[in-house]
Amino acid sequence: MDGQASRRGQVWSVQALLQWTTQFFESKGIESARLDAELLLAHALGWKRIDLYAHYDHVPSGEGLARFREMVKERGRRVPTRYLTGACEFYSIPLAVTPAVLIPRPETELLVERALALLPKDAVTTVADLGTGSGAIAIAVAAHRPLARVVATDSSAEALALARANAERHGLAGAIEFRQGHWFAALEPGALFDAVLSNPPYVAAGDLAAAMPEVRDHEPRLALDGGADGLDALRVIVAGAAEWLRPGGWLIVEIGAGQAQGVMRLATETGLYEAMQVAPDYAGIPRIASMKSRG
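Following the working numbering, the numbering of the sequence shown begins with 81 at its first residue and continues without gaps.
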């Protein structure tokens, strides 16, 4: 897409754009180079990804091409693709995302799966999603458990506004109550839940510098930084959740690599939980911790 190539008579078809952009992204150390090229070009043209392959010889022009070039420049600076397109998919649910929220990860879907396995389909239940961000967890649970009353909290007003908009998009605004505040302080005093869910910040502060540029430089630090050992938020949540759980209710949290033993120790020290376990993610890393309130 450079000027020299254009002067040589390069025709910038969809195929040529994808090939050049893939090579450019690879030169920048981007692992998902081809996928990102396709996502950005499809978004710029207002197409689906499959449309690219059906129109390989099409030569984009005008605003679509200009948008694509700008997004390629930003992606080359390691701005996450999902922020550039403003969209992602979580648990097969399309969501809007902005730099105000963490981009939902596939492993967090395992937290939703664990919650759905424990929440009955045919009973009215109450669920709290602490630190909801884009609303991914709350929306996925509400979509699959229509009788559930879900409360989604976040300390960020901007994140809550986005989460509410995502819920409205899927007709779930009436099923989810959004409350601003820090962890349990956002909840209505005296409320009790069948499940408390959270994907809290769990990256050790010292590890953030070594994180991928997309994460380190562009995702909200508040959603990542778990303090010196990564357990600051998890300490608060594990220690406090039992007070908000009905007898037999479940706390389910996402944790970082190497934190399983520490989180299980925190839970054991409270004396408030039983049936404690940690399930692995797709890479085999212990990732989803769950524990049952003794009541």
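For each residue, glycine too, the CB sits at the ideal point set by N, CA and C.
Because the structure is a prediction, the values reported are computed rather than measured.
Best match in the options for proximity to residue i [C-alpha to C-alpha]
| i | options | result |
| --- | --- | --- |
| Ala253 | Ala243, Gly261 and Gln260 | Ala243 |
| Gly63 | Arg162, Leu272, Gln95 and Gly126 | A query on residue 63 cannot be resolved here, the shown segment of the chain reaching from 81 to 375 and no further. |
| Val221 | Gly211, Thr233, Ser214 and Leu199 | Leu199 |
| Ile130 | Asp305, Ala124, Glu118 and Pro140 | Glu118 |
| Leu227 | Ala216, Leu240, Val207 and Thr233 | Val207 |
| Ile317 | Arg147, Met151, Leu267 and Ala363 | Leu267 |
| Arg162 | Leu196, Leu121 and Gln99 | Leu121 |
Nearest-angstrom Cβ-Cβ length linking residue i and residue j, presumed shorter than 8 Å
| i | j | result |
| --- | --- | --- |
| Ile365 | Ile332 | That belief does not hold up - the Cβ atoms of Ile365 and Ile332 are roughly 17 Å apart, past 8 Å. |
| Leu164 | Arg155 | 6 Å |
| Ala322 | Leu352 | 4 Å |
| Pro300 | Val181 | 7 Å |
| Pro280 | Gly211 | 6 Å |
Continuous alpha helix (DSSP H) stretch holding residue i: start and end
| i | result |
| --- | --- |
| Pro327 | It is not in any alpha helix (DSSP H) - Pro327 instead sits in the beta strand (DSSP E) that spans Leu325 to Glu334. |
| Thr350 | Ala340 to Thr350 |
| Val91 | Run containing Val91: none; DSSP gives neither H nor E here. |
| Asn246 | Ala237 to Arg249 |
| Pro293 | Pro293 to His298 |
| Ala218 | Ala216 to His224 |
| Asp116 | Ala113 to Leu125 |
| Ala197 | Thr188 to Leu198 |
| Leu311 | Here Leu311 belongs to no alpha helix (DSSP H), and DSSP marks it neither H nor E. |
Opposing strand residues paired with residue i [DSSP bridges]
| i | result |
| --- | --- |
| Ser370 | Ile332 and Gln357 |
| Glu257 | Val231 |
| Pro174 | Glu169 |
| Phe273 | Leu325 |
| Thr206 | Arg229 |
| Ser278 | Leu210 and Val333 |
| Val283 | Asp305 |
Check whether residue i and residue j have beta carbons under 8 Å apart
| i | j | result |
| --- | --- | --- |
| Leu311 | Gly342 | yes |
| Pro179 | His298 | yes |
| Arg315 | Leu277 | no |
| Ala284 | Ala308 | yes |
| Val230 | Ala218 | yes |
| Arg158 | Glu294 | yes |
| Val152 | Thr101 | yes |
| Gly213 | Ala239 | yes |
| Ala223 | Pro184 | no |
| Trp330 | Phe264 | no |
| Tyr362 | Glu187 | yes |
Residue i CB to nearest heavy atom of the ligand MN below 7 Å
| i | result |
| --- | --- |
| Leu272 | The ligand MN is not part of this structure, which contains no ligands at all. |
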